[in-house]
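Remarks on the structure that follows.
Protein chains: 2
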Amino acid sequence: MSQIYDRVALIGLGLIASSMFWAIKRAGLAGEVTGFARSSETRDTARRIGLCDRVCDTAQDAVEGADLVVLCVPVGAMGSVAQDIASVLKPGATVTDVGSVKRHVIQAVGPHIPESVHFVPAHPLAGTEHSGPESGFAELFDNRWCLIVPPEGSDQEAVARLRSLWEGLGSFVDEMDADHHDLVLAVTSHAPHLIAYTMVGVADDLRRVTDSEVIKYSAAGFRDFTRIAASDPTMWRDVFLTNKDATLEILGRFTEELFALQRAIRTGDGEQLFDYFTRTREIRRGIIDAGQDTDAPDFGRGTKV
Amino acid sequence: MSQIYDRVALIGLGLIASSMFWAIKRAGLAGEVTGFARSSETRDTARRIGLCDRVCDTAQDAVEGADLVVLCVPVGAMGSVAQDIASVLKPGATVTDVGSVKRHVIQAVGPHIPESVHFVPAHPLAGTEHSGPESGFAELFDNRWCLIVPPEGSDQEAVARLRSLWEGLGSFVDEMDADHHDLVLAVTSHAPHLIAYTMVGVADDLRRVTDSEVIKYSAAGFRDFTRIAASDPTMWRDVFLTNKDATLEILGRFTEELFALQRAIRTGDGEQLFDYFTRTREIRRGIIDAGQDTDAPDFGRGTKV
Numbered sequence: 011m012s013q014i015y016d017r018v019a020l021i022g023l024g025l026i027a028s029s030m031f032w033a034i035k036r037a038g039l040a041g042e043v044t045g046f047a048r049s050s051e052t053r054d055t056a057r058r059i060g061l062c063d064r065v066c067d068t069a070q071d072a073v074e075g076a077d078l079v080v081l082c083v084p085v086g087a088m089g090s091v092a093q094d095i096a097s098v099l100k101p102g103a104t105v106t107d108v109g110s111v112k113r114h115v116i117q118a119v120g121p122h123i124p125e126s127v128h129f130v131p132a133h134p135l136a137g138t139e140h141s142g143p144e145s146g147f148a149e150l151f152d153n154r155w156c157l158i159v160p161p162e163g164s165d166q167e168a169v170a171r172l173r174s175l176w177e178g179l180g181s182f183v184d185e186m187d188a189d190h191h192d193l194v195l196a197v198t199s200h201a202p203h204l205i206a207y208t209m210v211g212v213a214d215d216l217r218r219v220t221d222s223e224v225i226k227y228s229a230a231g232f233r234d235f236t237r238i239a240a241s242d243p244t245m246w247r248d249v250f251l252t253n254k255d256a257t258l259e260i261l262g263r264f265t266e267e268l269f270a271l272q273r274a275i276r277t278g279d280g281e282q283l284f285d286y287f288t289r290t291r292e293i294r295r296g297i298i299d300a301g302q303d304t305d306a307p308d309f310g311r312g313t314k315v
Numbered sequence: 011m012s013q014i015y016d017r018v019a020l021i022g023l024g025l026i027a028s029s030m031f032w033a034i035k036r037a038g039l040a041g042e043v044t045g046f047a048r049s050s051e052t053r054d055t056a057r058r059i060g061l062c063d064r065v066c067d068t069a070q071d072a073v074e075g076a077d078l079v080v081l082c083v084p085v086g087a088m089g090s091v092a093q094d095i096a097s098v099l100k101p102g103a104t105v106t107d108v109g110s111v112k113r114h115v116i117q118a119v120g121p122h123i124p125e126s127v128h129f130v131p132a133h134p135l136a137g138t139e140h141s142g143p144e145s146g147f148a149e150l151f152d153n154r155w156c157l158i159v160p161p162e163g164s165d166q167e168a169v170a171r172l173r174s175l176w177e178g179l180g181s182f183v184d185e186m187d188a189d190h191h192d193l194v195l196a197v198t199s200h201a202p203h204l205i206a207y208t209m210v211g212v213a214d215d216l217r218r219v220t221d222s223e224v225i226k227y228s229a230a231g232f233r234d235f236t237r238i239a240a241s242d243p244t245m246w247r248d249v250f251l252t253n254k255d256a257t258l259e260i261l262g263r264f265t266e267e268l269f270a271l272q273r274a275i276r277t278g279d280g281e282q283l284f285d286y287f288t289r290t291r292e293i294r295r296g297i298i299d300a301g302q303d304t305d306a307p308d309f310g311r312g313t314k315v
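Residue numbers (our numbering), protein chains in the order written: chain P, 11 to 315; chain R, 11 to 315.
Right, here's the structure in full:
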């Protein structure tokens, strides 16, 4: 893979930015990668582990001269970061982001971007429950999707170049518009996360079942929920606050269906339950066929002690 | 590991029974293992793959002369199977089961067990989303918990022997009473399964998001739900119908909490969301410390293509 940008600036040095750095290095996609994080502790860690070719003490320093600026901060912080760096953006450069919500980012970041600079939002659908500069790894984006959400009238060359970067990072790339993105993600990510957070919270609240029981016996289904519910609290707070409408709509539908199934349990309607569970089983098959998961029988059980 | 029973009969040859067979063989825990499945197709498959030392065409044939009879059928079928085999049970033998609900199994099976036979219900907390005779593997129970639920007045020697078997199969073993078991499992397994089924059903229903989008972009959280929601429909129908009260209680609490979080989203209460998500994150740490999951950063992503 050949170099796509001369200089890339990563603003925010958490799981996504650090994984981007290692994946950029793996494929030689950029000449130099600069980085900035608001917390001096994070910057120190980054310097210690060799994360970024150059860690800067201000966002402006990191951005200066960059051909690509990637905003890797929580969605709620995107607007103020964009405002902060706007004056030093190089004409002809591209600003992108990795936020999980797109309509809000476009509204918050867009107005700060100078006419001479391209703004091409994106969202890599990849992550783990870990966060921080030490959590990244080069393979995070391999065979995962990255959704590029170019606002109307975007420069096609800038979009194509960003697409090449994400392909170089290992991803498949699709384009869609912001509202559709936010609805799709409400279904596949935002609502499931809130539900997992809720279920884990309920278990924790329940006095008659001890914490140690919840933990010891988690392998029975609950474990997968706890992994989802261990994701970064700041990031997820911002996701829910900025993709409010779509998330609430999906949660409303979810509650409606849940009530129908609860009613089937209460009335003993085994046929309705069986039919429902048969249908959902088929969806799983589609995901495995699409290469987005494995059906290895020990999946998720980890290495043996 | 030395032999614990001369002859073990497995009634029902799905994921759990087939895994028990391979694990029994791995450790040499029984002299002979017989098996029976209601469907002749399953019996043929079992014979073809060498599952069980002897596959019988009736449950009674399989049970005759067995020191341990393990009921591995869906919870709703336990009672009629017990009735069917009651007359041929060997005096001094133990009947156990692997059902996910215990109060109902005790009520359905208990009355059929002769005075001369021990009845010691159990529940291994292990499984995958796969089912059928070919889905089993010897490692399924390694480092997983098996809960033994002896009714009052159980023979202590019979309980201890069954405990040795499960330890020989690779499990940790705990004892608890049936009602507590059913509540703990409602929290750690039954409610999470219904919630996952519901969320997957909602995604499938939603016309504005295509099936292929749901499948392609599932890595963003939804994937874990689909895996849970791919579990055996018959087994889960029976679980919900027979652990109705505890499951509905937990679902009621879940809905209450979900409404509180939805309200926080609607009113923009970021602090409440952040605090909630911080608390749930800590529970995850406890599960990893307890050895019931791994925090490897590529957990669940499968092998690279």
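We treat Cβ as the ideally placed atom computed from N, Cα and C, and that holds for glycine.
Asked, Found
"Quick one: using the 10 Å Cβ neighbour count with 16 as the cut-off for buried, is R:S10 buried or exposed?", "The question about residue 10 of chain R has no answer here: the residues shown for chain R are numbered 11 through 315."
"Which residues bound the alpha helix (DSSP H) around R:R291?", "G280 to D299"
"Taking 8 angstroms as the CB-CB limit, is P:V210 close to chain R?", "yes"
"Please identify, using Cβ separations under 7 angstroms, the residues of the segment 162 to 184 of chain P that lie next to chain R, in order along the chain.", "none"
"Along chain R, which residues have their Cβ under 8 angstroms away from the Cβ of P:H114?", "Simply none; closest approach about 13 angstroms."
"Counting only beta-carbon atoms, is R:K35 nearer than 8 angstroms to chain P?", "no"
"Short check: CB of R:D77 to CB of R:R17, under 8 angstroms?", "yes"
"Taking the Cβ atom as the reference point for each residue, do P:E177 and P:V169 lie within a distance shorter than 8 angstroms?", "no"
"Does R:F31 come within less than 8 angstroms of chain P when only Cβ atoms are used?", "no"
"Between which two residues does the alpha helix (DSSP H) harbouring P:L193 extend?", "A188 to L195"
"Under DSSP, the beta strand (DSSP E) around R:I158 begins and ends at which residues?", "W155 to I158"
"Is R:G45 close to chain P? Criterion is C-beta to C-beta, closer than 8 angstroms.", "no"
"Among all the DSSP beta bridges, which residues are the ones paired with P:R17?", "P:E42"
"Suppose you measure from the CA of R:V249 to the CA of P:E144; what does that come to, to the nearest Å?", "42 angstroms"
"Hey, P:I95 and P:A118 are a contact pair by Cβ (cut 8 angstroms); roughly how many whole angstroms apart?", "P:I95 to P:A118, Cβ: 14 angstroms. No contact."
"Out of curiosity, what's the CA-to-CA distance linking P:I293 and R:S29?", "26 angstroms"
"Measuring alpha carbon to alpha carbon, tell me which residue in P:I205, P:D165 and P:L157 is nearest P:D192.", "P:L157"
"Taking the Cβ atom as the reference point for each residue, do R:D107 and R:P131 lie within a distance shorter than 8 angstroms?", "yes"
"Name the two residues that bound the continuous alpha helix (DSSP H) containing P:E259.", "K254 to T277"
"Fully enclosed by the segment 47 to 107 of chain P, which beta strand (DSSP E) runs are 3 residues long or longer?", "78 to 81 and 104 to 107"
"Taking the alpha-carbon positions, what's the P:G86 to P:G120 distance?", "14 angstroms"
"Look at the alpha carbon of R:D214 and the alpha carbon of P:R291, and state the distance between them as a whole number of angstroms.", "11 angstroms"
"Once you ignore the five residues that flank R:I275 on each side, which residues in its own chain have a CB closer than 8 angstroms to its CB?", "L283"
"Quick one: which chain P residues come within Cβ less than 8 angstroms of R:E74?", "Those within 8 angstroms of R:E74 in chain P number zero; the least Cβ separation is about 32 angstroms."
"Less than 8 angstroms between the beta carbons of R:H140 and R:L25, yes or no?", "yes"
"Under 8 angstroms between C-beta atoms, does R:T236 make it to chain P?", "yes"
"Here's a check: name, in chain order, each residue in its chain whose Cβ is nearer than 6 angstroms to the Cβ of R:V159, leaving out the five neighbours to either side.", "K112, P131, A188 and H191"
"Suppose you measure from the CA of P:A201 to the CA of P:R171; what does that come to, to the nearest Å?", "32 angstroms"
"Might you give, ordered along the chain, the residues of its own chain that have their beta carbon closer than 7 angstroms to the beta carbon of P:E152, omitting 5 neighbours on each side?", "It is Asp, not Glu, that sits at residue 152 of chain P in the sequence shown. Closer than 7 angstroms at Cβ, skipping near neighbours: G180."
"Using Cβ-Cβ distances below 7 angstroms, what residues of the segment 139 to 156 of chain P are close to chain R?", "E139, H140, S145, F147, E149, D152, N153, R154 and W155"
"So, helix, strand or coil for P:T313, using DSSP?", "Note that P:T313 scores a pLDDT of 30, beneath 50, so its modelled location is shaky and nothing firm can be said."
"List the residues of chain P that R:D214 touches, going by C-beta distances under 8 angstroms, in chain order.", "R289, T290 and I293"
"From the DSSP output, read off the bridge partner residues of R:A201.", "Answer by DSSP bridge pairing: none, since R:A201 is not bridged."
"For P:L261, which residues from the same chain have a beta carbon less than 6 angstroms from its beta carbon, with the 5 sequence-adjacent residues on both sides left out?", "A201"
"Indicate whether P:V83 and P:G22 have their beta-carbon atoms separated by less than 8 angstroms.", "yes"
"Within a Cβ cutoff of 6 angstroms, which residues of the same chain sit near R:A256, ignoring the five residues on either side of it in sequence?", "D192, L193 and A196"
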